[in-house]
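When the sequence shown is numbered by my numbering, its final residue is 1666 and no position is left out of the sequence of numbers. Structure first, commentary second.
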Amino acid sequence: MKFDVVTIFPRMVESLLEEGILARAVKSGVIDVVAHDLRDFTTDRHRVVDDVAFGGGPGMVLKPEPIFRALEHVREARGTPEAVILPSPQGRRFSHADARRLSELSHVVVVCGRYEGIDERVRDALATDEISVGDYVLSGGELPALVILDAVARQIPGVVGDQDSVAQDSFAGGLLDYPHYTRPAEFRGMRVPDVLLSGHHAEIARWRRREALRRTLERRPDLLESAALDAEARAWLDELRKAERSTR
Ligand code: SAM
């Protein structure tokens, strides 16, 4: 998958590609990431990428010309992208479903905003998606671009060593993940649940499914509305809800 990021801080993006799972994915060629310096697409001596807002007001706005040129360069050098994403607090909230959908594309571009944002004509003429990573305002689109890249890359087969672990992550099956423990079995008086030490695989699987359900009910009950639950899970959910009501 080709992933291009247009930014005034390319090193910020490149630094995350130097370690961990993303670094391995780049090295093995599963993802091909290029960070483009927006200033390379300016035509003036000072490489200016921003200007004051028409109508006045505080803050600067990223100019359209360098961004249009950057996108033209991406098209010529790397082919026509299937998605051009603008990270923005005004966008649709990024979700697991978006990560999955984008992971099936072969070429994605992210254009990182800065200052007050990007000239609206970029959104009108170039963007296919406007994505928010949460209801708060960051200083630029670089961290959201990396959030999107990481979440998308994890969904591409071969990026995470054990694909089963991705399938069991929170949201993948519609629920939150179950709790995880490692050695020692007892630490400062806190014991790992006996069932996990029992070696009984079916019981362990049952416990994990039930704990995932319990967590989801406690922390994100909204997810249960769209989760595909079998009869056993629905019966557990009724029990958990009853237990919850009786402790109120
Ligand atoms: N004036 C804009 C507003 O209130 O909607 C905020 C601009 S913000 C300071 C600068 C850039 O950071 C945005 O153009 C966008 O690229 C990025 N950004 C900030 N918060 C974001 C969020 N929650 N999700 C995605 N991108 C965000």
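Cβ atoms here follow ideal geometry from the backbone N, Cα and C, with glycine treated the same way.
In the assembly as shown, A1620 is an exposed residue. Its beta-carbon has fewer than 16 other beta-carbons within 10 Å. Here L1489 has L1544 as same chain residues with Cβ atoms under 6 angstroms from its own Cβ, once five neighbours each way along the sequence are excluded. By the rule of a C-beta closer than 6 angstroms to any heavy atom of the ligand SAM, the residues picked out are P1505, S1506, P1507, Q1508, C1530, G1531, R1532, E1534, G1535, I1536, S1550, V1551, G1552, Y1554, V1555, L1556, S1557, G1558, G1559 and P1562.
In the DSSP assignment, F1421 is bridged to V1451 and V1526. In summary, L1615 is exposed, with fewer than 16 beta-carbon neighbours lying within 10 Å of its beta-carbon over all protein chains present. Counting only runs of at least 4 residues, the segment 1433-1488 fully encloses the following alpha helix (DSSP H) elements, listed from N- to C-terminal order: 1438-1445.
Annotated as proximal: V1479 and D1537, with beta-carbon spacing under 8 angstroms. For V1540, the enclosing alpha helix (DSSP H) has its first and last residue at E1538 to A1543. Excluding the 5 residues flanking it on each side, Q1586 has same chain C-beta neighbours closer than 7 angstroms at D1595, in chain order. For A1501, the enclosing beta strand (DSSP E) starts and ends at A1501 to R1511. Residue ranges of uninterrupted beta strand (DSSP E) with 3 or more members are absent from the segment 1574-1618; none lies entirely inside it. For the pair R1628 and E1662, the Cα-to-Cα distance works out to about 14 angstroms. A distance below 8 angstroms between beta-carbons, with the five flanking residues on each side excluded, links L1655 to the following residues of its chain, in chain order: L1631, L1635, L1642 and L1647. Beta-carbon to beta-carbon, H1514 and A1443 are separated by about 19 angstroms, too far to satisfy the 8 angstroms threshold.
For I1566, the secondary structure class from DSSP, reduced to helix, strand or coil, is helix. When DSSP states are grouped into helix, strand and coil, I1549 belongs to the strand group.
Taking L1440 as reference, the option from R1463, P1639, Q1573 and K1481 with the minimal CA-CA separation is Q1573. Rounded to whole angstroms, the gap between the alpha carbons of E1483 and A1569 is 30 angstroms. Within the model, the alpha-carbon separation for P1602 versus R1624 is close to 23 angstroms.
Beta-bridge partners assigned by DSSP to G1558: R1532.
Each residue's CA atom was taken as its position, placing L1567 and F1421 some 8 angstroms apart. Collapsing the DSSP output to three states places A1630 in a helix. According to the DSSP assignment, E1657 belongs to the alpha helix (DSSP H) that extends over A1649 to T1665. Bounds of the alpha helix (DSSP H) holding S1521 are H1514 to S1521.
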